[in-house]
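S.K.: Chains as they are written, first to last, in my numbering: chain U, 1 to 113; chain Z, 1001 to 1113.
Here it is, the structure, as structure tokens.
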Amino acid sequence: QKEVEQNSGPLSVPEGAIASLNCTYSDRGSQSFFWYRQYSGKSPELIMFIYSNGDKEDGRFTAQLNKASQYVSLLIRDSQPSDSATYLCAVSPPNQAGTALIFGKGTTLSVSS
Amino acid sequence: NAGVTQTPKFQVLKTGQSMTLQCAQDMNHNSMYWYRQDPGMGLRLIYYSASEGTTDKGEVPNGYNVSRLNKREFSLRLESAAPSQTSVYFCASSADRVYQPQHFGDGTRLSIL
């Protein structure tokens, strides 16, 4: 069974610190990896995607992918109270598998001022 | 840019009533999805449509039907609503099923009494 695992949290960090969110996945054939942010009562919003091993940076956000170890992480530098939300990791199935993105249950991040 | 539009935003039904949730996207996406989100359960895929003219079951299809009316529209129908279907429902779309990110609508909060 294809799975995406995330620590539910809450992950608490002080303002200005680095928040590190982790995600592991079970299917070695997965090709695409996404991070979504979901504020309470709102819909998921795409913040990062990564397809290749290594790091991808976008502003204060860095996505890291290690396909050999089957994990993907999201680093948030200079964390702000506005970053407090639930972060969902999503992983694509192999192309031949008849399904859609597989979402983790999310990690709740709390940034204190 | 409307993106993904869901209607209605809120609905209260009585057990046994039927209703259709509407979803439309203006991004010319091929694939569309219906999810439900319950506390502690994460996003669960109900049905998806990889391309116009096709629909497939997701993780929790029982009690639901879908129609891909055209490339833009994908509706979700509850034929005989049950209290267990009380949830927040999200529609999403993507350019393809596997490699591209999904974009979400604002959601429909459905309560069944």
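We put the beta carbon where it would ideally sit given N, CA and C, even for glycine.
Going by alpha carbons, who is nearest to R28(U) out of N53(U), E45(U), E15(U)?
M.R.: Answer by Cα proximity: N53(U).
S.K.: Given a limit of 7 Å on CB to CB distance, which residues of the stretch 38 to 56 of chain U reach chain Z?
M.R.: Answer in chain order: S43, P44, L46, F49.
S.K.: Taking only beta-carbon positions, decide if G1003(Z) is within less than 8 Å of chain U.
M.R.: Chain U contact via Cβ: absent.
S.K.: Tell me whether D58(U) sits in a helix, a strand or coil according to DSSP, three-state version.
M.R.: Of the three classes helix, strand and coil, the one that applies to D58(U) here is strand, per DSSP.
S.K.: Between the stretch 1098 to 1111 of chain Z and the stretch 41 to 49 of chain U, are three or more C-beta pairs nearer than 8 Å?
M.R.: Contact holds: three or more Cβ-Cβ distances are below 8 Å.
S.K.: Do A19(U) and I76(U) have their CB atoms nearer than 8 Å?
M.R.: Against a cut-off of 8 Å, the Cβ pair of I76(U) and A19(U) comes out as a contact.
S.K.: Nearest CA to the CA of C1023(Z): which residue from V1012(Z), L1076(Z), P1101(Z)?
M.R.: Ranking V1012(Z), L1076(Z), P1101(Z) by Cα distance to C1023(Z) puts L1076(Z) first.
S.K.: Please report the distance separating the alpha-carbon of V91(U) from that of V1004(Z).
M.R.: When rounded, the distance between both Cα atoms is 21 Å.
S.K.: What is the C-beta distance between P1061(Z) and T1015(Z), in whole angstroms, given that I count them as a contact (C-beta under 8 Å)?
M.R.: With 8 Å as the limit, P1061(Z) and T1015(Z) do not qualify as a contact, their Cβ atoms being about 20 Å apart.
S.K.: Relative to the C-alpha of A1050(Z), which residue among Q1006(Z), C1091(Z), F1074(Z), M1032(Z) is closest?
M.R.: The shortest Cα separation from A1050(Z) among Q1006(Z), C1091(Z), F1074(Z), M1032(Z) belongs to M1032(Z).
S.K.: Could you spell out the range, first to last residue, of the beta strand (DSSP E) harbouring M1027(Z)?
M.R.: It is not in any beta strand (DSSP E) - M1027(Z) carries neither H nor E in the DSSP assignment.
S.K.: Is Q119(U) close to chain Z? Criterion is C-beta to C-beta, closer than 8 Å.
M.R.: In the structure as shown, chain U begins at 1 and stops at 113. Residue 119(U) is therefore absent and cannot be evaluated.
S.K.: When the Cα atoms are used, what is the spatial distance from V72(U) to Q1102(Z)?
M.R.: Approximately 18 Å between the Cα atoms of the pair.
S.K.: Starting from the Cα of P93(U), find the closest Cα among N22(U), T24(U), V13(U), S32(U) and give me that residue.
M.R.: It is S32(U) whose Cα lies nearest to the Cα of P93(U).
S.K.: Taking all protein chains shown into account, decide if Y1099(Z) is buried (16 or more other Cβ within 10 angstroms of its Cβ) or exposed.
M.R.: By the neighbour-count rule (16 or more Cβ atoms within 10 Å), Y1099(Z) is not buried but exposed.
S.K.: Would you verify that the beta carbon of D1038(Z) is, or is not, closer than 8 Å to some beta carbon of chain U?
M.R.: No, its Cβ sits nowhere closer than 8 Å to a Cβ of chain U.
S.K.: Distance, Cα to Cα, S82(U) vs F1010(Z)?
M.R.: S82(U) and F1010(Z): Cα-Cα distance of roughly 26 Å.
S.K.: Counting only beta-carbon atoms, is F61(U) nearer than 8 Å to chain Z?
M.R.: No, F61(U) lies away from the interface with chain Z (no Cβ there is under 8 Å from its Cβ).
S.K.: Using DSSP bridges, identify the partner residues of Y1047(Z).
M.R.: The partner list for Y1047(Z) (beta bridge, DSSP) reads W1034(Z), K1057(Z).
S.K.: In angstroms, rounded to a whole number, what distance separates the CA positions of T1020(Z) and Q1085(Z)?
M.R.: Rounded to whole angstroms, T1020(Z) to Q1085(Z) spans 13 Å at the Cα level.
S.K.: Where do the N-terminal and C-terminal ends of the beta strand (DSSP E) with E45(U) fall, by residue?
M.R.: Counting along the chain, the beta strand (DSSP E) containing E45(U) begins and ends at 45 to 50.
S.K.: With 16 other CB atoms within 10 Å as the buried threshold, where does G1040(Z) fall?
M.R.: G1040(Z) should be labelled exposed.
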